[in-house]
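Contents: one structure, followed by commentary.
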Amino acid sequence: MNIRCLLTVVPVLLSLWSVSGVKAQLVPDRTLGSENSVVTPIDQLNDRINGGAARGANLFHSFLEFNIGEGRSLYFTNPTGIENILTRVTGGNPSNIFGRLGVLGDASLWLINPNGINFGPNASLDIRGSFLATTADGIQLGENGFFSATDLQNSQLLTVQPGVLFNNALAAHTGKITNQGNLSVGQNLTLASGNLDLQGQFMAGGNLTLQALDTVKIRDSIANPFIAKAGGSLLVQGDRAIDIFALNHPHSGLFSGQDMVLRSPNSVIGDAHYYSGGNFRIEKPDGSLGSLASPNDPIIRSLGDVSFWVYEGASLHIFAAGSVYIPGYVWIQGADPANGLIENVTLSDGTTVSIDGQNQPTLDIRAGMTPEAVATAGVTGDSGTFYDFSTLTDEPTSADIYIGGIYFYDSGFNPAPGKVLLTNQYSPNAALPGGTITVGWLDNYSFYGDSGDVFVDASAGINLTGDIYLSSLGAVGNGGNAKLIGFGDITTGNIFSEAAGIGNGGNVSLTSETGSIDTTTGVITTQISDGSGGTGNGGAIAFQARGDIRTGDLNSGAEYSNGSSIQLTSTNGTIDTTGGVLYSDSLGGNAGAVELHAFGDITTGSIISPGGTLGSGGDINITSQAGNVSVINGWLLSSALGVGKSGNITIKALDSVTFNNETFLEASNYGQGNAGSVEITASNAVNINGSWVESMVAGTGNSGGITINAGSLSLTNFSELNSSVTPDSTGNAGNININVRDLALFDSGRVVSRLEEGATGRAGDININTGSLLLTGLDSFYNVGQIVSASFGDGDAGNVTISARDTVTLKGLHSDIWSLLGHSSNVDRRGGEIRINAGTLEVTDRARIVANNETLADRTGRGYAGNIKIDAGLLSINNKAEISSSSHGPGDAGDITINTEAFVMDNSTLFNRQINNADGQGGNLTITTGSFSAINGSEITSKTHTQADSSNIFIKARDLFVLDNSAVTSAVNEDGRGAGGDIDINVTNGSLLLTNNAKVTAGTYGVGNAGRIALSATDSVSISNGAGIESLVAKGAVGDGNEISIQARSLFLTNNAELSASTNGRGNAGGVKINTTDTVSFDNSWASSAVESLGIGDGGNVDINTRSVALTNDAKLLAFTAGQGNAGSVNVDASDTVAIDRSTVSSAVEASGIGNGGNVEVNTRSLSLTNGTVLS
840 MNIRCLLTVV PVLLSLWSVS GVKAQLVPDR TLGSENSVVT PIDQLNDRIN GGAARGANLF
900 HSFLEFNIGE GRSLYFTNPT GIENILTRVT GGNPSNIFGR LGVLGDASLW LINPNGINFG
960 PNASLDIRGS FLATTADGIQ LGENGFFSAT DLQNSQLLTV QPGVLFNNAL AAHTGKITNQ
1020 GNLSVGQNLT LASGNLDLQG QFMAGGNLTL QALDTVKIRD SIANPFIAKA GGSLLVQGDR
1080 AIDIFALNHP HSGLFSGQDM VLRSPNSVIG DAHYYSGGNF RIEKPDGSLG SLASPNDPII
1140 RSLGDVSFWV YEGASLHIFA AGSVYIPGYV WIQGADPANG LIENVTLSDG TTVSIDGQNQ
1200 PTLDIRAGMT PEAVATAGVT GDSGTFYDFS TLTDEPTSAD IYIGGIYFYD SGFNPAPGKV
1260 LLTNQYSPNA ALPGGTITVG WLDNYSFYGD SGDVFVDASA GINLTGDIYL SSLGAVGNGG
1320 NAKLIGFGDI TTGNIFSEAA GIGNGGNVSL TSETGSIDTT TGVITTQISD GSGGTGNGGA
1380 IAFQARGDIR TGDLNSGAEY SNGSSIQLTS TNGTIDTTGG VLYSDSLGGN AGAVELHAFG
1440 DITTGSIISP GGTLGSGGDI NITSQAGNVS VINGWLLSSA LGVGKSGNIT IKALDSVTFN
1500 NETFLEASNY GQGNAGSVEI TASNAVNING SWVESMVAGT GNSGGITINA GSLSLTNFSE
1560 LNSSVTPDST GNAGNININV RDLALFDSGR VVSRLEEGAT GRAGDININT GSLLLTGLDS
1620 FYNVGQIVSA SFGDGDAGNV TISARDTVTL KGLHSDIWSL LGHSSNVDRR GGEIRINAGT
1680 LEVTDRARIV ANNETLADRT GRGYAGNIKI DAGLLSINNK AEISSSSHGP GDAGDITINT
1740 EAFVMDNSTL FNRQINNADG QGGNLTITTG SFSAINGSEI TSKTHTQADS SNIFIKARDL
1800 FVLDNSAVTS AVNEDGRGAG GDIDINVTNG SLLLTNNAKV TAGTYGVGNA GRIALSATDS
1860 VSISNGAGIE SLVAKGAVGD GNEISIQARS LFLTNNAELS ASTNGRGNAG GVKINTTDTV
1920 SFDNSWASSA VESLGIGDGG NVDINTRSVA LTNDAKLLAF TAGQGNAGSV NVDASDTVAI
1980 DRSTVSSAVE ASGIGNGGNV EVNTRSLSLT NGTVLS
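Written out as structure tokens, the structure reads:
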């Protein structure tokens, strides 16, 4: 029996020891009196707490010690109607929760221990409601009540719903909360303490709050992740600091189904991956934005907006379904080799961008994404899928990205360039409006090595409000690339992506799919830095927009290698570059091409694209598909300085092209290559006002010339088209081709093709094809409208060809067309031909058409002036206008050939002359016309002033020839030593009229024979009112006169008209021959061949062969000598009658004459001599 009793006692003692151990961990403090907490063992490992003070929905427990051992569990009983279980620990020790803590029901549990709470590695919660653990001294109950763990006497047990406000400051207590376990609740989970030292996992079906008055510290390990998951909001608050490092384990992260907030007055150290089902925000306690620092690689994923003030740390990745707002700055200090994100991202234009946060410092921000895309990575793991998209109610409303500044430096402020990706086009949410991306200052440059790249891809506009630095400033390295794509307006300031040594400038690409581009507030440069001696190429600059493009300075130039291209394209808008200059030049290599293409108007300033010593100039292409092109006070330059060629300049507009205010277009060669061409095309007008267009050779090579195709052309206010070879250069000037549908107006403007002095080559042709052409200028040497083809060097001048459907008008002093050979030459040269084909050609008000040889005689070369050829329906030359070809030096004058339906001269001149040192032939002057009229002192002249023959004059009129108070002259001048040219005037189907002192003269005033005069008409020749035909050897002249020949149906001379062949010098006079088929009539007029008083030579005959002759009213037929020589004879042969009334027919020797008289012979069927008629 004794043994049995002993055996019975032992189990009892063991049981009592076990209960005593539990009570050592769970010791109620009896402060609740009869309602004290009661610990009831369930079994050896599980205990239950009963009792407590129930007040309404609240159940209060109070413990002196509250601990749960390893492997044990503790559950609070949940009486009916109880919603909140409030538990305080009043002893002086922290609570160690190493097992499971739970509630047998749905009530929420509140655990208050001011001395601290420690959750061990195997700690867990089994709570379907909420759980709050705090080291505060109490819980607020309503307005005035509280349940305190330190002020036991004044604590109140109230029915009021407990709040989250703590009585007294947490700072009054040194206790903290630590966790290594996995804490999971069905609803809200809150840890609030002076300090939080957290590992393990937190999972709340509702909100998760981790709050410390001092510091929240979060860590994971390689073996154990840190996971904080909230089905609702997640708040991490450290009133002094938040210190998070949770990147050791791939499943670590902070997750929230709704908003996630990290709140601290100081910068949050946040090395973690964040997954927010709502907004993600870092803020200060006052609600203003806070800062984030991460020495490693944070990743933020948010189904809402992301916002914080500043970020400093390693590569940063943000994935947001809403907007991203960082108004301070982002400072990327390096890559994260262990945790950086690596993936390829496709931009909206199909470009692939490689993201490598492990090996390259990276800022990767993607906003406006679909929820599925945001949650792709990191949202599944040990605890299963976290986001439930079907429950999302607070959807984002914006996809904007705003960053105050971006900086890539290491912690020592040394440049650490990397990659920037800002996009709201990556898996975009179509339900959101387009998002704008705004960035202030951006530093991503390098001192050595490659600079970083920037990619911005926006579903709306892009605003770069500060300077963007992507340059490589050291001896080695490339400038960074900048690629901006927007579906709204793009606005930038300065973008610098230069290189300075061995490396290339970066490429800058701006694309606005639906909006405009504006860079007028800054400079965009991808050049090799000025003066650096860098050997790389400049980077390309490319803008493309559906709307307008406006730029400031753009520079893609180079030092010793190649400049790169500048391309601006507006598919439905305009382009305006007047805010700056476009440079694509090189000192040593090729310049880059510059292309502007717009649907609407294009307005430019300067575009500079010269090549270097070993390269070529770049092409400049400007095209307006449906608008105008205007260049205002700019310089469009493509040139070559060395062995390369200059580029071409091409401008096209559907409407008009305008150059204003001293604009220069120049395609030139200053070295050994060819100059490029200039081509301008407009469906309507090309207006060149106070501007110059030039294709020039200033070295060795050929000019590409100038071509204009337009509806109309206006060249005004000292403007000039110039294709030239400069002094001492070698090459051919290019042609100038002008094709104009309507009017070409040169009002104080010039078209010039020149081979300058000392140059070798050829001037280019000038070809103008137009509806009408007007050259006009003011009465000033500089204010001129001219077309000039000239050679002052060793080579030919070019031809000038004008074809006008309607009218060509030259009006005003210095409104001229010139073909010129000037200065001296070592080679024989030819002037260019002037060819004009027009419906009407009007040369008026001192305007001129001139083809001259002005070659100097100090070198061996001779010059041959170009010919002038005119084909027109009407040629009108009036008011002191001039058409001429002369030779002023060694060589010939050119021919003047005119074919016209009507020829009208009024107080103007048409001449061909040999003067000064000319020693060649004068060109012929040939006019073929339907009708001819020269009035009011007009002159048609062929003269020689030198040892050269003057030219012949041939005039052929179909219907009528009228010479009224005007002259046709062929002469050897006093200083001449050559033969005078013939004058041949032929009216093929009409009459010839000379009146009012008109003169047709062939004379010699120097040494040489006068030319022959031949007039013929199928109808009548009428000479009246002092008009006459003269063949003369003038006083002091040496040479023979020549014959005057008239053939017509009838000849009428009236009122002091004359036919005179005479010599008053040393030589024979010419004769007068008249052949008509009907009548010869002289009324108070005469025909004579005379040796004048100073003449030495024989007179010629006066021969008339006709049907009938009538001499009346003191008419005379004379052959006499008053000098030294024989008089000629007078022979009249009339098949019908000769009627002489009060007139004279005589061959005589005057009193001063020395010689014999000739015969007078009249042969006719009927002779009538009346009223004192004299035959002798």
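In terms of my numbering, the sequence shown has 1341 at position 502, counting the first letter as 1, and numbering is strictly consecutive. Beta carbons are placed, not taken as given, at the ideal position from N, Cα and C, and that holds for glycine.
Buried or exposed, going by whether 16 or more other CB atoms sit within 10 Å of the CB of residue i?
| i | result |
| --- | --- |
| Arg869 | exposed |
| Glu1559 | buried |
| Asn1528 | buried |
| Ser1790 | buried |
| Leu884 | exposed |
| Ser857 | Note that Ser857 scores a pLDDT of 36, beneath 50, so its modelled location is shaky and nothing firm can be said. |
| Ser873 | exposed |
| Ala1338 | buried |
| Tyr1248 | buried |
| Pro1566 | exposed |
Going by C-alpha distance, which of the options is nearest residue i?
| i | options | result |
| --- | --- | --- |
| Gly1071 | Asn1063, Gly890, Pro1124 and Asn1027 | Asn1027 |
| Leu1281 | Ala1381, Pro1256 and Ser1924 | Pro1256 |
| Glu1505 | Thr1497, Asn1487, Ile1066 and Ala1492 | Asn1487 |
| Asp1036 | Leu997, Ile1083 and Gly1002 | Ile1083 |
| Ala1297 | Val1163, Gly1880, Arg1701 and Ser1250 | Val1163 |
| Asn1571 | Phe1158, Val1192 and Ser1592 | Ser1592 |
| Asn2029 | Ala1598, Ala1866 and Ala1153 | Since the first residue shown for the chain is 840 and the last is 2015, residue 2029 is missing from the structure and cannot be characterised. |
| Leu1584 | Ala1524, Gly1544 and Asn1574 | Ala1524 |
| Asn2050 | Ala1887, Gly1938 and Gly1909 | There is no way to answer for residue 2050, as the model of the chain reaches only from 840 to 2015. |
| Leu964 | Asp976, Ala975 and Leu948 | Leu948 |
| Gly1473 | Phe1247, Gly1316, Asn1429 and Gly1418 | Gly1418 |
| Ser1127 | Asp1586, Arg1102, Pro1137 and Asn1118 | Arg1102 |
| Gly1033 | Ile956, Thr989 and Ile966 | Ile956 |
| Ile1061 | His1088, Gln1038 and Gly1044 | His1088 |
Based on DSSP bridge pairs, tell me the residues matched to residue i.
| i | result |
| --- | --- |
| Thr1780 | Phe1750 and Thr1808 |
| Gln1383 | Thr1350 and Thr1408 |
| Leu1131 | Val1107 and Tyr1150 |
| Tyr1399 | Paired residues: none, contrary to the question. |
| Phe899 | Ala892 and Leu925 |
| Asn1676 | Ser1642 and Asp1710 |
| Ser1628 | Ser1592 and Ser1658 |
| Gly984 | Leu980 |
| His1156 | Ile1138 and Asp1203 |
| His1436 | Thr1408 and Thr1462 |
Please state whether DSSP places residue i in a helix, a strand or coil.
| i | result |
| --- | --- |
| Glu2000 | strand |
| Gly1712 | strand |
| Ala1796 | strand |
| Ala1314 | coil |
| Gln1963 | strand |
| Gln864 | helix |
| Glu1234 | coil |
| Ser1974 | strand |
| Ala1212 | helix |
| Thr872 | Going by the sequence as given, residue 872 is Gly instead of Thr. Of the three classes helix, strand and coil, the one that applies to Gly872 here is helix, per DSSP. |
| Asn1302 | strand |
| Gln1760 | coil |
| Gln1076 | strand |
Is the region 1189-1201 touching the region 1101-1117 in the sense that three or more CB pairs, one from each, lie closer than 8 Å?
The region 1101-1117 vs the region 1189-1201: no contact.
Say whether the region 942-960 touches the region 908-915, bearing in mind that this needs 3 or more beta-carbon pairs closer than 8 Å, one atom from each stretch.
The region 942-960 is in contact with the region 908-915.
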